[in-house]
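**Student:** Dropping a structure here in structure tokens format, bear with me for questions.
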Amino acid sequence: MKDASTLGESSKIEEAVTMEGEAEKKVETERVSEVKTEKKYSFLRPKFGNRIVRTVIACLVTAIIYRYFLSDRNPCFALIGAVYGTGSQFQEGFHNGFNRFVGTFIGGLVVIPSYWLYLYDPLGVPKELYLCLGLFFVMYINFILGANNAIQPGTVVYFVVLFTQPEAGYVSYTIARIIDTGVGVLISLALTMMRPTMIDREKGVELLTFFEALTESFKAWRYANKSGSLPQLDEKGRAAKREERKAKYIQRHTY
């Protein structure tokens, strides 16, 4: 009887060990499978869409204009504006591009007196106080205007001018960069209107309705700065917006 019970216990132990070993093998197999899957997908090349192509084209057109039609003018800020002004739809491009322009405009205006204060230190205080004071005004003015998303581009221009430009030409440089940013944004928006995205076509956005689209995009920009996101329309809303824009266009061109 003892031998039989001992054999029974041994078989149970062996069975438990076998089951535990199989469970460990299963876990290891699943882990190896997950690692292989991660390796498989980690080397996949991401697909590039219409937005990338349109951004590259906008930058190409901007660079050509600046080189051949503007006496080889520095296109840096215009190219940045072109990138910001290209979105997945017209309103998104306007939102990002206009934020870039507003930020550049405010940062440029503030940095002109801040540069002089930082350079000459008329009050005999540490220069860093002038730096921080100018930064405060860049941020505060953007908050007053409701352009919260324009703070980052505004501070970029502020620091670029403050620490990279010589005294002789910092004012003209700042004004030129503000203009360049606006030109780049306008070029990308114009190209979007010439070949609108599918969402824009559903809304009736095209070159003939450029000013209506600008007006509505400005309203959407104000809404997005308050709510944190652009207003979204369903299929019926886009259809209604398309008909409304067509009616406005017909009314404006009817004599």
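End of the sequence shown sits at 887 in my numbering; the numbers just go up one at a time, nothing left out.
Positions of the beta carbon are idealized from the N, C-alpha and C atoms, including for glycine.
Measure the alpha-carbon distance for Thr694 versus Ile712 and round it to whole angstroms.
**Tutor:** Looking up residue 694 in the sequence shown gives position 62. Looking up residue 712 in the sequence shown gives position 80. Spanning the two alpha carbons is a distance of roughly 10 Å.
**Student:** At what residues does the alpha helix (DSSP H) containing Gly756 begin and finish?
**Tutor:** Here the question's residue 756 lines up with position 124 in the sequence shown. Unbroken run through Gly756: none, as it is neither H nor E.
**Student:** Distance, Cα to Cα, Asn706 vs Ala845?
**Tutor:** Numbered from its first residue, the sequence shown carries residue 706 at position 74. Numbered from its first residue, the sequence shown carries residue 845 at position 213. Distance between the alpha carbons of Asn706 and Ala845: 30 Å.
**Student:** How is Gly713 classed by DSSP in three states: helix, strand or coil?
**Tutor:** By 1-based counting over the sequence shown, the position of residue 713 is 81. Reduced to three states, the DSSP call for Gly713 is helix.
**Student:** Closest by CA to Gly735, which one among Phe775, Asp753 and Ser746?
**Tutor:** Numbered from its first residue, the sequence shown carries residue 735 at position 103. Taking only the C-alpha atoms, the option nearest Gly735 is Phe775.
**Student:** Between the beta-carbon of Thr806 and the beta-carbon of Ile744, is there less than 8 Å?
**Tutor:** For this step, residue 806 is matched to residue 174 along the sequence shown. For this step, residue 744 is matched to residue 112 along the sequence shown. Yes, the Cβ-Cβ distance between Thr806 and Ile744 is below 8 Å.
**Student:** From Gly786 to Thr841, what does the alpha carbon distance come to, in whole angstroms?
**Tutor:** In the sequence shown, the residue the question calls residue 786 occupies position 154. In the sequence shown, the residue the question calls residue 841 occupies position 209. Cα to Cα, the separation comes out at about 30 Å.
**Student:** Tell me the DSSP secondary structure of Gln723 in three-state form.
**Tutor:** Taking the first residue of the sequence shown as position 1, residue 723 is located at position 91. The answer is helix: DSSP assigns Gln723 an H, G or I state.
**Student:** From Lys671 to Ile783, what distance separates their C-alpha atoms?
**Tutor:** For the purposes of this step, residue 671 is identified with residue 39 of the sequence shown, where counting begins at 1. For the purposes of this step, residue 783 is identified with residue 151 of the sequence shown, where counting begins at 1. Low confidence applies to Lys671: its pLDDT is 46, below 50, so where it sits in the model is not reliable enough to give any reading.
**Student:** With distance defined between alpha-carbon atoms, name the residue in Val770, Gly816 and Ser746 nearest to Phe726.
**Tutor:** Locating residue 726 in the sequence shown gives position 94, where the first residue counts as 1. Of the listed residues, the one whose Cα sits closest to Phe726 is Gly816.
**Student:** Quick one: residues in its chain with C-beta nearer than 7 Å to the C-beta of Glu799, no 5 flanking neighbours on either side, listed in chain order?
**Tutor:** Taking the sequence shown and counting its residues from 1, the one referred to as residue 799 is at position 167. Hits under 7 Å: Leu751.
**Student:** Hey, would you say Tyr762 sits closer than 8 Å to Tyr802, going by beta carbons?
**Tutor:** Taking the first residue of the sequence shown as position 1, residue 762 is located at position 130. Taking the first residue of the sequence shown as position 1, residue 802 is located at position 170. No, the pair does not count as a contact, with Cβ atoms beyond the cut-off.
**Student:** Between Val742, Gly740 and Phe709, which has its C-alpha nearest Gly729's C-alpha?
**Tutor:** Residue 729 sits at position 97 when you count from the first residue of the sequence shown. Measuring from the Cα of Gly729, the nearest candidate turns out to be Phe709.
**Student:** Comparing alpha-carbon positions, which option in Glu760, Gly719, Glu834 and Gly717 lies nearest Phe795?
**Tutor:** To locate residue 795, count along the sequence shown from 1; it is residue 163. The shortest Cα separation from Phe795 among Glu760, Gly719, Glu834 and Gly717 belongs to Glu760.
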